[in-house]
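Using the numbering used here, the letters of the sequence shown map in sequence onto residues 571 to 767.
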Amino acid sequence: MAVFSRGFGARRRESDPNLPPGQYLTDDFPVLSAGPTPRIDTSEWSFSVVEGGRGLASWSWEDFLALPIEDITTDIHCVTRWSKLGTSWRGVSVDTLLENVESEATHVMAHSYGGYTTNIPLDDLVDGRAWVAFEFEGEPLDPEHGGPARLLVPHLYFWKSAKWVRGLELMDGDAPGFWEQNGYNMHGDPWTEERYW
571 MAVFSRGFGA RRRESDPNLP PGQYLTDDFP VLSAGPTPRI DTSEWSFSVV EGGRGLASWS
631 WEDFLALPIE DITTDIHCVT RWSKLGTSWR GVSVDTLLEN VESEATHVMA HSYGGYTTNI
691 PLDDLVDGRA WVAFEFEGEP LDPEHGGPAR LLVPHLYFWK SAKWVRGLEL MDGDAPGFWE
751 QNGYNMHGDP WTEERYW
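If you want it as structure tokens, here you go:
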């Protein structure tokens, strides 16, 4: 009689073109966080775009939900090697949030409630590549998964999709965020396995 541990059959199949190198499929949505889960009531939630300490745009929860909302179906890939394919989200495109913002910025620092930060090249957030998402699989985003809203940058490892996001800081150069200061790659492309420094 064969005995298999949980998840054994989910290991990467070489024939699956949707899996980046070193990843395995999961049907779960593992919860991985640095620190405790913030609980932010939508009446107190706000999102802002800043540069050099200057506020360029901001939204309350109601203002945010009045923006054009998109349905997104995408694969997600965690640096801890799990991938979840065909996930469904709803959110506001970062293109919409930056629509009336003029800047020469090249990079962004995403800031979250609870103090988490992560750096992302601006080119990785625009042209339909990133969203601020508030629903997952047709339900409001659970706090454990970053609700009420998280950044969604699905073409990069999932630590770049900052949970509990509260704003984007535009920068004229790169700087490390939380995990990048602790040995994670500055960019995080799963297809080239940019996991660590």
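Ideal placement from N, C-alpha and C gives every residue a C-beta, glycine not left out. As the structure is a prediction and not an experimental result, all values here were calculated from the model.
In angstroms with no decimal places, state the Cα-to-Cα distance between residue i and residue j.
i    : j    : result
F706 : S658 : 6 Å
K730 : L711 : 17 Å
E709 : F748 : 29 Å
L726 : W631 : 26 Å
G716 : A732 : 8 Å
E614 : D633 : 13 Å
A580 : P724 : Since pLDDT at A580 reaches only 44, below the 50 mark, its modelled position is unreliable, and the value read off the structure follows with that caveat. Roughly 20 Å separates the two Cα atoms.
D645 : K654 : 6 Å
M741 : V664 : 16 Å
S616 : Y683 : 10 Å
C648 : T762 : 13 Å
G592 : D759 : 12 Å
G698 : P590 : 21 Å
A675 : G743 : 7 Å
V671 : W734 : 22 Å
P587 : L595 : 12 Å
P713 : S673 : 32 Å
E640 : A703 : 9 Å
R765 : P746 : 14 Å
W701 : L695 : 8 Å
G753 : S618 : 28 Å
L667 : P638 : 10 Å
Taking buried to mean at least 16 other C-beta atoms within 10 Å of its own C-beta, is residue i buried or exposed?
i    : result
N755 : buried
G622 : exposed
T650 : exposed
Q751 : exposed
D693 : exposed
T688 : buried
Y686 : buried
L635 : exposed
W767 : exposed
R720 : buried
R736 : buried
Which whole-angstrom value is the C-beta distance of residue i and residue j, which I expect to be below 8 Å?
i    : j    : result
L722 : G661 : 6 Å
A680 : L738 : 6 Å
W652 : P600 : 6 Å
In the DSSP assignment, what residue or residues form a beta bridge with residue i?
i    : result
E739 : V620 and M679
G625 : V620
S630 : S616
T644 : T657
- Message: List, from N- to C-terminal side, the beta strand (DSSP E) runs of 3 residues or more that fit wholly inside the region 648–724.
- Response: 652–663, 677–682, 687–691, 701–706 and 720–722
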